[in-house]
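Asks: Heads up: the sequence shown runs through residues 0 to 113, numbered per numbering that gives the first Met the number 0.
Got a structure for you, written out below as structure tokens; questions coming shortly.
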Amino acid sequence: MNDCLFCKIVAKEIPAEIVYETGRALAFRDINPQAPTHVLVVPKEHHADAAALAQADDGLADDVLKAAHAVAVQEGVADGGYRVVFNTGPGAGQTVFHVHAHLLGGRPLTWPPG
């Protein structure tokens, strides 16, 4: 996708603070953090949203979730608890249409969110 912000970050055409990378996923700090730890985890392959990710080839969604957990461990929030959020569609607050998981931690996370 030529105009996709996250595709450009994956291609390293736009700088980002990358904190974790695998062959299929990339994690980088959110530029507008909502918690002390706020990292976005994206598949390197473009899929518009979580629904599209769920329909992708076997294992891609699993790779994204495994990467999110690895980041939580690396960032020191795994033991205390963290949240993984996929906003799907504009009504849910999705603004970049390349599926991404928000990994949030480092503070109490109340329920319900939003």
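Yeah, the Cβ is synthetic: ideal placement off N, Cα and C, and Gly gets one too.
Remember, it's a predicted structure, so these values are computed and weren't measured experimentally.
Which residue marks the beginning of the alpha helix (DSSP H) containing V38, and which one marks its end?
Replies: The residue labelled residue 38 in the question sits at position 39 within the sequence shown. Not the alpha helix (DSSP H): V38 falls in the beta strand (DSSP E), residues T36 to P42.
Asks: Give the range of the beta strand (DSSP E) segment to which A24 is assigned.
Replies: Within the sequence shown, residue 24 is the residue found at index 25, counting from 1. That run of the beta strand (DSSP E) goes A24 to R28.
Asks: Report buried or exposed for P42, applying the criterion of at least 16 other Cβ atoms within 10 angstroms of its Cβ.
Replies: Reading the sequence shown from its first residue, position 43 is the one you call residue 42. Buried, by the Cβ-count rule.
Asks: Quick one: measure Cβ to Cβ for V76 and H101, integer angstroms, because I've assumed they're closer than 8 angstroms.
Replies: Walking along the sequence shown from the start, residue 76 turns up at place 77. Walking along the sequence shown from the start, residue 101 turns up at place 102. Their Cβ separation, rounded to whole angstroms, is 13 angstroms, which puts V76 and H101 out of contact at 8 angstroms.
Asks: Below 8 angstroms, how does it come out for the segment 60-70 and the segment 8-16: are there three or more Cβ pairs, yes or no?
Replies: no
Asks: Name the DSSP beta bridge partners of V83, please?
Replies: Locating residue 83 in the sequence shown gives position 84, where the first residue counts as 1. Partner(s): L102.
Asks: Is it right to say T94 is buried, meaning 16 or more other beta carbons lie within 10 angstroms of its own, or is it exposed?
Replies: The sequence position of residue 94 within the sequence shown is 95, counting from 1. Label assigned to T94: exposed.
Asks: What first and last residue would you give for the beta strand (DSSP E) that runs through I17?
Replies: The sequence position of residue 17 within the sequence shown is 18, counting from 1. Residues I17 to E20.
Asks: Closest by CA to T36, which one among E20, A26 and H45?
Replies: To locate residue 36, count along the sequence shown from 1; it is residue 37. Comparing Cα positions, the closest option is A26.
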